[in-house]
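If you're matching them up, the sequences are chains A and B in order. First residue of the first sequence: 1, per this note's numbering; consecutive thereafter. First residue of the second sequence: 336, per this note's numbering; consecutive thereafter. Everything on this sheet refers to the single structure shown next.
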Amino acid sequence: MSFKQFDTEDIVVSADSISSIVWSTGNYQLTTFFTSSTQDSSTSGDYYLDVFQTGSTLTNAAVQFSIAYGNKDGLGSTPFNSNVAGKSPSATVFGQYRSLVLGDEESDFTFGGVTSAKGIYAISLDRARYKEKLLPGTFELTIKSGSVERTLTDNSGMSTVVTFTDAGRVYEVISGSNGVSHDGGTGYSANNGSYGKFLPDIGVIILNAAAVNAEIGNNTLFETGSSATNGNNNAFLYEIIELGQNFKINAEETVSSNYVFVRVRNSEFNYSNNPSNISGSGEIRHSSMVNNPQAYITTVGLYNDTNDLLGVAKLSKPLLKDFTKEALIRIKLDY
Amino acid sequence: MGYLNNGVVTVDAILTKKGRELLARGDGSFRITQFALADDEIDYTLYNTTHPSGSAFFGEAIENMPLLEAFADETQIMKYNLATLPRGTAKLPILEPGFASITLKQGASLTITPQTLNFLGASQAFESSGYTATVADVRLLSNFTGVGINTAEAERLNASSTLGTNVSKTVVGTSINLTGTTINTLFGATNTSLSSTLTLVGRDSGARITIPITITKTN
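Here it is as structure tokens:
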């Protein structure tokens, strides 16, 4: 026999969590940020602004994350129809994230207990960057305007209970780093609650526009007036992120692995059909191998019931097998 | 294709092209249930039974050799299986397909009934579990079936089909039926023949032979 059936305990499925770099630069920290004037001036620019790690026209440019501004009352962007108030790209964005996160069109975002927020910034990481989910405690974003700056993080290092929304786990965005506040307090803004929501399972960070603008933007929120046009609020958040020069985050991924244990008994697989081992009529080349066969395992083939070769494993060096030796080979297959 | 670092013993595992196809098919056929071992790349002429340092060093030239990484093409790996045979076996099973090579005209049919020499004490025998036959490029054959083995697994394998590119196909049987393709477009504008390989493996003995197969264009 050249095939051997696996026993049930020979194949084990294991799911392991691994963390990895998010940014295309290969670094934990992203310090430079670029946008595309082509994207910004297109229809999509009314809703969101793509941010790249390098000049958007360069061959290695890739979208790292997108910025969008949402407002419950549709302020801060140009109405779709001047006769219909409150229906604008910002209203669409707000409704989109409210539906995604809260799952209820009647609910409002609550930031650290404050529910009056009508404006949000959404930072949505490109899925190709974070793959499955973000790793809480690794998020750090510095926003800066003039000489004022805040470094934001999630409060996963201070939370004893994980809160869930329709979008999975949620943490408050606070002033601090590495998942804890700078001063040991809540890390919230002075009057507007927390700085936002960190939603690792959907790769989104929602910032509380009121808190950000009160603390950093000198209240320059473009909600009404001639500046309240599409893209201005997106550009404002981009500007304070670009000045901050610090966006750190890691991804977390669950990798399911099949561990296959190949157990070879002493009496098994001792003879080789290798042409260099036998003559044309099948006689073993070396007479000493008739009673003491020596075979060298180099390859393990994994088959299904119908003998289809599904996977192969190569050893890094030949493994001698004879009637006095047994072998246990562990093979890991990742999906 | 690179060499594996043999400073430490590691295992480099990949899915084959066939494995990825069955995984994508999602019909439960991607289920690892058995294994086989092979000694591809080993040259037993390097086994030196006259080594001056004694028998412990006979395999010296083999044991330290670096090995190549795994190939994803299932027809290019697991070529020489290791077999479980009684101690004292002097002659190893070899396959006799009855043909050194196969040439078929378009639409022509052929039946192969392999036999195994030096198996279970007989000089010539049919293996009770049959033979697997793998054609490296299934497009060359309009009919490729195995008959004579009626297990559920064999019947399911023989009934499966893959459309599209040049993937391999494996069937199980005591006899293998082949019919050359009648599709002219495979030949392109200038080719008058198409070539591939047919690999036969004894399911009991592990003996293996690969023979070339050629389909010639008729019109």
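Every residue gets a Cβ at the ideal spot worked out from N, C-alpha and C, and that includes glycine. On a predicted model such as this, the values are computed, not experimentally measured, just so you know.
Looking at the strands, I want to know which residues DSSP matches up with residue i.
i                     : result
residue 172 (chain A) : A:197
residue 479 (chain B) : B:513
residue 186 (chain A) : Residue 186 (chain A) is not bridged to any residue.
residue 460 (chain B) : B:451
residue 71 (chain A)  : A:119
residue 130 (chain A) : In the DSSP output, where bridge partners are listed per residue, residue 130 (chain A) has none listed.
residue 154 (chain A) : A:173
residue 149 (chain A) : A:144
Residue i and residue j look like a contact to me (Cβ under 8 Å); what is the Cβ gap, rounded to whole Å?
i                     : j                     : result
residue 143 (chain A) : residue 244 (chain A) : 5 Å
residue 112 (chain A) : residue 193 (chain A) : 3 Å
residue 120 (chain A) : residue 238 (chain A) : Contact doesn't hold; Cβ gap of about 15 Å is too wide.
residue 155 (chain A) : residue 179 (chain A) : 7 Å
residue 373 (chain B) : residue 415 (chain B) : 5 Å
residue 177 (chain A) : residue 215 (chain A) : In fact, because the Cβ distance is near 16 Å, the residues do not count as touching under 8 Å.
residue 260 (chain A) : residue 104 (chain A) : Actually they are not in contact, since the Cβ atoms of residue 260 (chain A) and residue 104 (chain A) sit about 47 Å apart, beyond 8 Å.
residue 35 (chain A)  : residue 50 (chain A)  : 7 Å
residue 160 (chain A) : residue 174 (chain A) : Contact flag wrong, Cβ pair sits at about 15 Å.
Quick check on residue i - is its C-beta less than 9 Å from some C-beta in chain A?
i                     : result
residue 416 (chain B) : yes
residue 395 (chain B) : no
residue 301 (chain B) : Nothing about residue 301 (chain B) can be reported from this structure: the residues present for chain B run from 336 to 554 only.
residue 461 (chain B) : no
residue 470 (chain B) : no
residue 354 (chain B) : yes
residue 361 (chain B) : no
residue 541 (chain B) : yes
residue 522 (chain B) : no
residue 467 (chain B) : yes
residue 485 (chain B) : no
residue 426 (chain B) : yes
residue 509 (chain B) : no
Below 7 Å on C-beta distance, what does residue i contact in chain A?
i                     : result
residue 550 (chain B) : Under the 7 Å cutoff, chain A gives no residues; its nearest Cβ is about 24 Å from residue 550 (chain B).
residue 422 (chain B) : 291, 323
residue 453 (chain B) : 282
Taking 9 Å as the CB-CB limit, is residue i close to chain B?
i                     : result
residue 11 (chain A)  : yes
residue 295 (chain A) : yes
residue 236 (chain A) : no
residue 56 (chain A)  : no
residue 59 (chain A)  : no
residue 278 (chain A) : yes
residue 288 (chain A) : yes
Can you list the residues of chain D that residue i reaches, using a CB-CB cut of under 8 Å?
i                   : result
residue 7 (chain A) : Protein chains in the displayed structure are A and B, and chain D is not among them.
With 16 as the cutoff for other CB atoms within 10 Å, does residue i come out buried or exposed?
i                     : result
residue 391 (chain B) : exposed
residue 15 (chain A)  : exposed
residue 362 (chain B) : exposed
residue 331 (chain A) : buried
residue 518 (chain B) : exposed
residue 294 (chain A) : buried
residue 525 (chain B) : exposed
residue 404 (chain B) : exposed
What residues of chain B sit near residue i, judged by a beta carbon separation below 8 Å?
i                     : result
residue 269 (chain A) : 372, 417, 418, 419
Starting from residue i, find everything on chain B with Cβ-Cβ shorter than 7 Å and list it in chain order.
i                     : result
residue 302 (chain A) : 367, 370
residue 329 (chain A) : 346
residue 14 (chain A)  : Correct list: empty, because the minimum Cβ distance to chain B is about 14 Å.
residue 274 (chain A) : 374, 377, 379, 415
residue 260 (chain A) : 367
Name, please, each residue of chain B whose Cβ falls closer than 9 Å to the Cβ of residue i.
i                     : result
residue 162 (chain A) : The contacting residues do not exist; residue 162 (chain A) stays about 34 Å from chain B at best.
Residues of chain A with CB under 9 Å from residue i, in chain order?
i                     : result
residue 553 (chain B) : The premise fails here: residue 553 (chain B) is roughly 32 Å from chain A at the closest Cβ pair, so nothing lies under 9 Å.
residue 429 (chain B) : 273, 278, 280, 281, 282
Run through chain A and tell me which residues come within less than 8 Å of residue i, C-beta to C-beta.
i                     : result
residue 357 (chain B) : 304, 308, 310
residue 279 (chain B) : Absent from the structure is residue 279 (chain B), since the part of chain B shown begins at 336 and ends at 554.
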